[in-house]
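Protein chains in written order, with the numbering used here: chain A, 1 to 120; chain B, 121 to 620. What follows is one structure encoded as C-alpha cells, with my remarks underneath.
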Amino acid sequence: METYMSIVIGVLFTIGTYLILSKTFLRIILGTSIIGHGVNLLMLTMGGLKKGGAPLLGFNESSLNDPLPQALLLTAIVINFATTALLLVLSYRAYKVLGTDDSEQLRDHVQQLKDSDDEQ
Amino acid sequence: MSNNLIILPIIIPIISGLVMIIIRNHTRLHRIISILATVLIGLSAVLLLEQIRESGVQILYLGGWEAPFGITLVADMLSALLVFVTAIVTFCCLWYAFSSIGAERERHYFYPLSLFLIAGVNGSFLTGDIFNMFVCFEVMLVASYVLISLGGTKIQLRESIKYVLINMVSSFLFLIAIAYLYGMLGTLNLAHLSVRVAEAGQGGLMTAVAFLLLIVFSLKAALFLFFWLPGSYSAPPAAIAAMFGALLTKVGIYAIIRVFSLVFYHQLGTTHLVIGILAAVSMVLGAMGSVAYWNIKSIITYNVVVGVGFILAGFASFSEAGMTGSIYYLIHDMIAKALLFLLGGTIINITGTGKLKEMSGLIRLQPHLGWMFFIASLSVSGIPPLSGFIGKVFITEGTFQSGYFWLGAIGLLTSLMVLYSVMKVFMSAFWGYTDVKEVTENKSIRGLLMPIGVLTAITIGLGLGAEVIHEYVDLAVAGLLDPNIYIDAVLQDSLIGWGR
C-alpha cells in the first residue's frame, strides 16, 4: 500500500511543480494547492497507513492506529486552506490593480514603473 | 514543574489583537493597547530571564500532557533573551508607526496584525516541538503576508505575491521534513528527537533530512537563499520593514541554531561546514549588493543579509567563543537592523526619495538624525564601543579557534564593505549643501525621532554594558553547547523510568 501511495504522491508533486513553473497566477496557485495535497498524503504515509483500530479506550483492539499524523494533517490542511484563500484574494487584487495575471508581463510592467521612476 | 509564565508572550499579543479587532474604529485605543501589550510581553520576558538564571530551563506542558506526548513550551536562556529583545524592537517600531504609518493602514488592522506577527515570533522562540514550530511560523507568516500587502500599492502587490509563494513552498518543504522525521524517529518533540538521533546515530538519511530543514530555515533566515529578500523588504513602509528585518529573519536563524545545536550536532564536518559556507557566500553577496546600490532601501536590505551570514558564521564554528559571539551579535543585529530601517525610513520621509544621488546636506536640517545615523552605521559595522563590536570579536575568535580562518577573514573583510556602504549613505545624505532653507521641524518628525533615539541609546548601552548581559549570554551558550541541559529539563523523569 505504501508503494502505491508514494507513486500517487510523486504524481501530485510532479503536476504541482509543473503548474508552479507556469506563468499565470491561477495555475501557480492551483500548483501550490496540489503540492499541498501531496505533502498531506506524504505525512499520512510516513506515519504508517492503517494498521489497527481507533486508539480509543474500551475498544479492545489488538493493534491501534497512530492518531498523531492525522492530527498534524488536520492542522496542516487548515493552514494550507487559509494561505491558499489569502493568495487567491491577493492575486485577484493584483490582477485588478496591475492589469495582468501573467508573471512575465508583470516583470515588464515593473520595469516600466522603474524606468519612469528613474526619469523623474 | 510547569511554569505558566511561558505562555504569556504568546497569549498576550493574541488576546489584545482580538480585542482590537472588536473595537475596530478606535485607533487611539489600538495604539494604547498595542503599546501596553508589548510592555507586558517585555515584563514577562524579564521575569522569565530571572527565573531561568536562578533555576534553569523553564517548561510548560500544555494541557498537562507530559513531555514527548503533548506540546511542550520550553524557555531556555536563548529563547527568553530573544523574546525580550523582540518586545523592545516591537515597542520602538509601533511607536514609530504612530506618526508614520498613516490613518488608512491604522484603520485596516495594522496594530492587531503586528501583534499577531509577534505572537508567531514568540511562539517560534518558545516552542519545544518541531510541528508546533511550523504552526508558529505560519502564524507569523500569515500576519506578514497581510502586513506586506497592507495598503495595496502596485509595488507591494507584486512583491507580496512573490513573497507568499516562496514562503508557501518553503512551508511545504518544512512539512515534508517533519513527515520524514516522524517516519524515521517517531517523535516530534525536539528534546526527544535529540535523544533518539543520538541513540540511532546520525546516518546519511538523517543528515539528508537535516539538510532539508536547513534549506527551509535558510529560506526564512535569508541565509544564501535571500533572492526574495531585497524586493519584499523594500516594499512595505519603514515601520513594517523594520519589524520584518529585525524579527522575521532572526526566527529562521534561531531555528537553525536550535535544531543544529540540539538535534543534528553529530556530523559537524558536514552540516556545520555547509552552514559556514552558506554564511560566507551570503556575507560576500550581501556586502556586494550593499556596496553596489545607490538606494537607501536596497543598501539596508542587503545589510540584513550580511548580518545573517555573520551570525551563522559564529554558529558554524561551533566553539564556545563563536557561539557567544553569535548570541551577542544576534541581539545586536535585531536592535541595529530595526534602527537602520527606521532611520532609512525617516530620511526617505524627509527627502521624499530613496536615491542617494538626489539628497544632500540633511545634517543642517536634522542634526540629531544625522548623528544618530552616524552612530547606527558605526554600530552596524562593529566599531567599538558600540554593540556590534563584542560580537564581532568573539565570532572572529571562534572561527579562528575552529580552524575556519577563511570564514573569519571573509567576516572581517565584509564588515569593511558594510562600513563603506553605510558611510556612503551618511556622506551623500548628510554632507554637502542643500537647497531647502526652512527647517521642517514639525511634530511628526519629532515623533519619528524618539523611538530611533531609544534604539540608538540601546545600541550604545549594549556596547558599553556588555558585562551586564554577559551572565545571560554565558548561560545561553552553555545550553547550546550541552544539549543535555535542555533534554533533562524537558523530559525530566518521564522517560528515565522506562529507559529513554
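Think of the CB as a built atom: it goes at the ideal place given N, C-alpha and C, for glycine as much as any other residue. Remember, predicted model here, so these are calculated numbers, not experimental data.
The stretch 205-215 of chain B and the stretch 234-243 of chain B touch, with no fewer than 3 CB-CB distances between them shorter than 8 Å. For A:S91, the closest of B:Y265, B:V205, B:F257 and B:D196 by C-alpha to C-alpha distance is B:Y265.
Within chain A, no C-beta atom comes less than 7 Å from the C-beta of B:Y229; the nearest is roughly 14 Å away. For the pair of segments examined, the stretch 431-445 of chain B was found not to touch the stretch 404-420 of chain B: the number of CB pairs separated by less than 8 Å stays below three. Around the Cβ of B:N604, a 10 Å sphere holds fewer than 16 other Cβ atoms; the residue is exposed. Within 7 Å of the CB of B:G240, no CB atom of chain A is found; the nearest one sits about 12 Å away. With contacts defined as CB atoms closer than 9 Å, B:M443 and B:S381 qualify as a contacting pair.
By the rule that beta-carbons nearer than 9 Å mark a contact, B:R278 touches chain A.
Contact annotation: B:I607 and B:S244 have beta-carbon atoms that are not nearer than 9 Å. Using a CB distance below 7 Å, the part of the stretch 75-95 of chain A facing chain B consists of T75, A76, I79, A82, T83, L86, L87, L90, S91, R93 and A94, ordered along the chain. Taking 9 Å as the threshold, the shortest C-beta distance from A:M1 to chain B does not fall below it.
With 16 or more other CB atoms across the displayed protein chains lying within 10 angstroms of its CB, A:F25 is buried. Pairing B:I208 with B:V194 gives a Cβ-Cβ distance that is not under 9 Å. For B:Y181, the enclosing beta strand (DSSP E) begins and ends at Q178 to Y181. Rounded to whole angstroms, the Cβ separation of B:T147 and B:A223 is 7 Å, and the two are in contact under 8 Å.
Under the criterion of beta carbons closer than 8 Å, B:T471 and B:I572 do not qualify as touching, at roughly 16 Å.
Under the DSSP assignment, B:V194 falls in the beta strand (DSSP E) whose first and last residues are T192 to A195. Residues of the stretch 23-45 of chain A with a C-beta less than 9 Å from any C-beta of chain B: F25, I28, I29, T32, I35, G36, G38, V39, N40, L42, M43, L44 and T45, listed in chain order.
When Cβ-Cβ separations below 9 Å define contact, B:A299 makes contact with chain A. Straight across, the Cα-Cα distance linking B:I397 with B:L533 is about 15 Å. According to DSSP, residue pairing for B:T247 in a beta bridge involves B:L193.
The closest CA to that of A:G38, considering only A:S22, A:I9, A:S63 and A:L106, is found on A:I9.
Those residues of the stretch 333-350 of chain B placed with their C-beta closer than 9 Å to a C-beta in chain A do not exist. Here B:K475 carries a strand assignment [DSSP, helix/strand/coil].
Taking a cut-off of 8 Å on C-beta distances, the stretch 502-521 of chain B does not touch the stretch 485-493 of chain B, as fewer than three cross pairs fall below it.
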